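When the letters of the sequence shown are read in order and numbered with the numbering used here, they come out as residues 2 to 472.
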Amino acid sequence: MKVRALTCAMLLAGGALMPIAASAKTCTGDAVETQHSARIGGKTLRYIACAGTLPVRNLRGEVRGRIFYTAYLVPGGKPRPLAFVWNGGPGADSRTLQFHAVGPRILKQGKLVDNEASPLGVSDLVFVDPVGTGFSKADDPAHAADFYGTNADIASVAGFVTDFRTAYRRTGSALYLAGESFGTWRAAGVAERLIDAKVPVAGIALISGGIPLGDLPDRNRLRALSLVNRTATALALRKLAPELQADQPRALAEARSWAEKVYAPALVAPDALSAEDRARVIAALARFQGLDPATIDAKTLWVSPRAFRTGLIAGDTLGLFDMRKTGAPEDDSSDGRTVLDYYRTALNYRTGSYAGIDAPESDAGSQWQYDQAPITPDSLARARAGEGPPSPSQPWTLRAMEKAPRLRAWVATGLYDSLNSCAGNEAVAAGLPRAVSARFTLRCYAGGHMMYEDPRETLRFGKDLAAFLRP
């Protein structure tokens with residue numbers, strides 16, 4: 002990668018870098034501007050990076066901090082789409098998506114290399130670190146709590162998106178919002194908030210967080226369909242009977258069919274089953290999940306995500322994000338140092354410290370207020386069993402898509418993720434009004450929560466996302 006600080010502003014002209022007047026600076030405010038190139042989509046793409054901050058407001062409209070962003074912009078030519086990208090947590094910075102999947106440079110074996118599949122080939126990208134993560138901070142530690150809640154988070158990020166588009170004169174660009182995990186709530190909630198403010202949103206990319214639609218009434222069906230992920234995991238770990246191990250596609254299809262036709266109705270009314278039917282359900286559950294039938298709750302017939310992860314391999318716990326993995330998570334401290342060096346040298350950003358690398362980890366997650374919906378005993382019990390946050394989302398996605406008839410949604414899910422279900426997302430989308438469900442694109446990848454980290458899926462993920470962002 003070629004890097005040069007823009008002490009003298011440059012523009013692309015006729016495919017070459019040509020010096021222009023120093024006043025024609027692309028980045029605004031305190032952002033540091035640098036020029037780069039990377040091999041993307043089989044071509045050398047030249048782009049400008051802007052690393053800087055913008056003021057951020059709390060729910061009362063008071064400026065109480067600054068959000069740090071990393072923007073990658075390709076100058077010249079016709080207007081390009083503009084995609085804002087963030088991770089989740091709550092309390093996560095944008096490192097994972099930026100440096101493992103979407104950015105122009107990604108980490109491979111501890112080094113940054115060109116990302117052939119980066120969507121920068123079709124859309125400008127802005128990676129966002131919410132307050133308390135990365136270089137983003139409240140103006141005073143006492144004000145951090147102003148942003149550590151679902152409603153405040155959505156409001157502050159929506160304000161940031163609006164301010165960035167204005168500051169960079171990009172109000173005419175097609176606007177996309179992409180979030181991972183909890184970041185899907187942020188993407189859907191920000192989309193609705195912007196649409197209510199008459200800001201058109203072209204699309205939302207929902208990665209590894211399902212489809213934020215509130216407390217779904219057919220929870221038993223979604224629980225049943227999570228069986229497909231369990232079967233895939235047990236297959237990968239070679240814990241199923243030989244006849245299932247022999248043909249993965251057939252085994253997954255059989256598991257899904259049984260989940261729809263038998264298991265979902267059984268979960269609705271387990272007490273109504275005869276002793277024989279109950280025994281048959283338990284035997285099938287054990288067969289499709291590789292579990293000892295004695296470990297399955299004969300009363301509820303439900304195996305929680307946590308129970309499956311601790312029960313499949315004696316003495317071991319399957320990974321939360323990728324159930325094919327066991328043991329302690331890999332140490333990624335060296336990757337953090339590589340990222341920090343990238344900001345300090347390649348992007349020439351010398352200000353502040355980065356939470357989780359050269360400063361303490363963010364405390365946003367432990368302080369978070371799930372104020373978008375009440376926390377009930379049932380919702381808290383589900384969270385403790387590994388079934389998501391302590392209270393449900395709001396139906397941001399449905400409301401946004403009903404208010405904006407052209408808004409599209411792209412949903413990406415990993416087959417080995419304990420927190421999401423490919424089959425479940427398909428069922429949820431299919432159950433929406435036809436005018437809404439027709440605007441969904443669903444993708445299932447042979448990976449975990451961060452499915453793009455699987456070498457076999459990195460290129461596919463990037464190309465699929467780029468196709469969604471392509472004008």
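Each residue gets a CB set at the ideal place from its N, CA and C atoms; glycine is no exception. Small disclaimer: the values here were computed from a predicted structure and weren't measured.
Round the Cβ separation of I155 and G133 to the nearest angstrom and send it over; I've been treating them as touching at under 8 Å.
By 1-based counting over the sequence shown, the position of residue 155 is 154. By 1-based counting over the sequence shown, the position of residue 133 is 132. With a Cβ gap of about 15 Å, I155 and G133 do not count as contacting.
Have a look at G122 and A179 and give me their C-alpha separation to the nearest angstrom.
Locating residue 122 in the sequence shown gives position 121, counting from the first residue. Locating residue 179 in the sequence shown gives position 178, counting from the first residue. Approximately 16 Å, taken between the alpha carbons.
So which of D248, T232, G337 has the shortest CA-CA distance to A285?
As a first step, residue 285 is located in the sequence shown; it is residue number 284 there, counting from the start. The candidate whose alpha carbon is nearest that of A285 is T232.
Counted within 10 angstroms of its Cβ, other Cβ atoms place T377 as buried (16 or more) or exposed:
Numbered from its first residue, the sequence shown carries residue 377 at position 376. Exposed: under 16 other Cβ atoms inside 10 Å.
L313 to R307 span [Cα, whole Å]:
One-based indexing of the sequence shown puts residue 313 at position 312. One-based indexing of the sequence shown puts residue 307 at position 306. One C-alpha to the other measures close to 10 Å.
Just mark E181 as buried or exposed, buried being the case when its beta carbon has 16 or more other beta carbons within 10 Å.
Translated into the one-based positions of the sequence shown, residue 181 becomes position 180. With 16 or more other Cβ atoms within 10 Å, it is buried.
Continuous alpha helix (DSSP H) assignments of at least 4 residues falling wholly in the segment 125-197:
Entirely contained in the segment 125-197, the alpha helix (DSSP H) runs reaching 4 residues are, in chain order, 151-168, 183-197.
Distance, Cα to Cα, G30 vs L126?
Position 29 of the sequence shown, counted from the first residue, corresponds to residue 30. Position 125 of the sequence shown, counted from the first residue, corresponds to residue 126. Those two C-alpha atoms are separated by around 18 Å.
First through last residue of the alpha helix (DSSP H) which encompasses T423:
Here residue 423 is taken as the residue at index 422 of the sequence shown, counted from 1. Checking the displayed sequence, the identity of residue 423 turns out to be Cys instead of Thr. That run of the alpha helix (DSSP H) goes 423-431.
Within a Cβ cutoff of 6 Å, which residues of the same chain sit near G184, ignoring the five residues on either side of it in sequence?
As a working mapping, residue 184 is identified with position 183 in the sequence shown. Cβ neighbours of G184 beyond the five flanking positions: W87, N88, G89.
Range covered by the beta strand (DSSP E) that runs through A50:
In the sequence shown, counting from the first residue as 1, residue 50 sits at position 49. Here the beta strand (DSSP E) through A50 covers 44-58.
What distance in whole Å lies between the Cβ atoms of V229 and A256, which are believed to be in contact at a cut-off of 8 Å?
Mapped onto the sequence shown, residue 256 falls at position 255. Mapped onto the sequence shown, residue 229 falls at position 228. About 5 Å separates the two Cβ atoms, so the contact holds.
Check the C-beta distance from W369 over to G215 and give it rounded, since I have them as a contact under 8 Å.
Taking the first residue of the sequence shown as 1, we reach residue 369 at position 368. Taking the first residue of the sequence shown as 1, we reach residue 215 at position 214. The beta carbons of W369 and G215 sit about 19 Å from each other, so the pair does not count as a contact at 8 Å.
For W411, I'd like the list of residues in its chain whose CB is within less than 6 Å of its CB, leaving aside the five on either flank, ordered along the chain.
Translated into the one-based positions of the sequence shown, residue 411 becomes position 410. These residues qualify, in order along the chain: A206, T442, F469.
Using the C-alpha atoms, what's the distance from G160 back to E362?
As a first step, residue 362 is located in the sequence shown; it is residue number 361 there, counting from the start. As a first step, residue 160 is located in the sequence shown; it is residue number 159 there, counting from the start. Whole-angstrom Cα-Cα distance: 25 Å.
With a threshold of 7 Å on Cβ separation, who are the neighbours of P243 within its own chain once the five nearest residues in sequence on each side are excluded?
Indexing the sequence shown from 1 puts residue 243 at position 242. Nothing meets the Cβ criterion.
D336 (DSSP reduced to helix, strand or coil):
As a working note, residue 336 is residue 335 in the sequence shown. Three-state result, D336: helix.
Q249, DSSP secondary structure in three states:
Mapped onto the sequence shown, residue 249 falls at position 248. Three-state DSSP puts Q249 in a helix.
Per DSSP, what are the beta-bridge partners of F441 in this structure?
Within the sequence shown, numbered from 1, the residue matching residue 441 stands at position 440. Bridge pairing for F441: A410 [DSSP].
Beta-carbon gap between S422 and L245 smaller than 8 Å:
The count along the sequence shown starts at 1 and reaches residue 422 at position 421. The count along the sequence shown starts at 1 and reaches residue 245 at position 244. Against a cut-off of 8 Å, the Cβ pair of L245 and S422 comes out as no contact.
Extent of the continuous alpha helix (DSSP H) to which L226 belongs
Taking the sequence shown and counting its residues from 1, one reaches residue 226 at position 225. Note, L226: alpha helix (DSSP H), 220-226.
Less than 8 Å between the CB atoms is what I'm expecting for D418 and S209, so what's the real figure, rounded?
Counting from one through the sequence shown, the residue named residue 418 turns up at place 417. Counting from one through the sequence shown, the residue named residue 209 turns up at place 208. D418 to S209, Cβ: 6 Å. Contact.
Proximity of D164 and L55 at Cβ, strictly below 8 Å
Taking the first residue of the sequence shown as position 1, residue 164 is located at position 163. Taking the first residue of the sequence shown as position 1, residue 55 is located at position 54. Against a cut-off of 8 Å, the Cβ pair of L55 and D164 comes out as a contact.
Just the Cα atoms here: how many angstroms apart are A194 and P80?
As a first step, residue 194 is located in the sequence shown; it is residue number 193 there, counting from the start. As a first step, residue 80 is located in the sequence shown; it is residue number 79 there, counting from the start. Just to set this straight, residue 194 is Arg in the shown sequence, not Ala. Whole-angstrom Cα-Cα distance: 24 Å.
Sort out for me which residues DSSP pairs A374 with in a bridge.
Counted from its first residue, the sequence shown places residue 374 at position 373. The partner list for A374 (beta bridge, DSSP) is empty, contrary to what the question assumes.
Is the CB-CB distance between A347 and T35 below 8 Å?
Along the sequence shown, one-based indexing puts residue 347 at 346. Along the sequence shown, one-based indexing puts residue 35 at 34. Against a cut-off of 8 Å, the Cβ pair of T35 and A347 comes out as a contact.
Residue range of the alpha helix (DSSP H) that T398 falls in?
Taking the first residue of the sequence shown as 1, we reach residue 398 at position 397. Where T398 is concerned, the enclosing alpha helix (DSSP H) starts and stops at 397-404.
Mind checking whether F100 and V340 have CB atoms under 8 Å apart?
Residue numbering aside, residue 100 sits at position 99 when the sequence shown is read from its first letter. Residue numbering aside, residue 340 sits at position 339 when the sequence shown is read from its first letter. Yes, Cβ-Cβ distance for F100 and V340 is below 8 Å.
Go ahead and label A14 buried or exposed: buried means 16 or more other beta carbons lie within 10 angstroms of its beta carbon, across all protein chains shown.
Taking the first residue of the sequence shown as 1, we reach residue 14 at position 13. For A14, the predicted model reports a pLDDT of 30, less than 50, meaning its position is unreliable; a value from the coordinates is still stated below. Residue burial is scored here from C-beta neighbours: A14 has fewer than 16 other C-beta atoms within 10 angstroms and is therefore classed as exposed.
From T301 to W186, what does the alpha carbon distance come to, in whole angstroms?
Position 300 of the sequence shown holds residue 301. Position 185 of the sequence shown holds residue 186. Rounded to the nearest angstrom, the two C-alpha atoms are 30 Å apart.
For K138, is the classification buried or exposed, using 16 other Cβ atoms within 10 angstroms of its Cβ as the cut-off for buried?
To locate residue 138, count along the sequence shown from 1; it is residue 137. Buried, since its Cβ has 16 or more Cβ neighbours within 10 Å.
Using CA atoms only, rank isn't needed, just tell me which of W397, D379, R400 is closest to P390.
Here residue 390 refers to the residue found at position 389 when the sequence shown is read from its first residue. Per the Cα distances, D379.
Do you know how far the Cα of A384 is from the Cα of F148?
In the sequence shown, the residue the question calls residue 148 occupies position 147. In the sequence shown, the residue the question calls residue 384 occupies position 383. Answer to the nearest angstrom: the Cα atoms are 22 Å apart.
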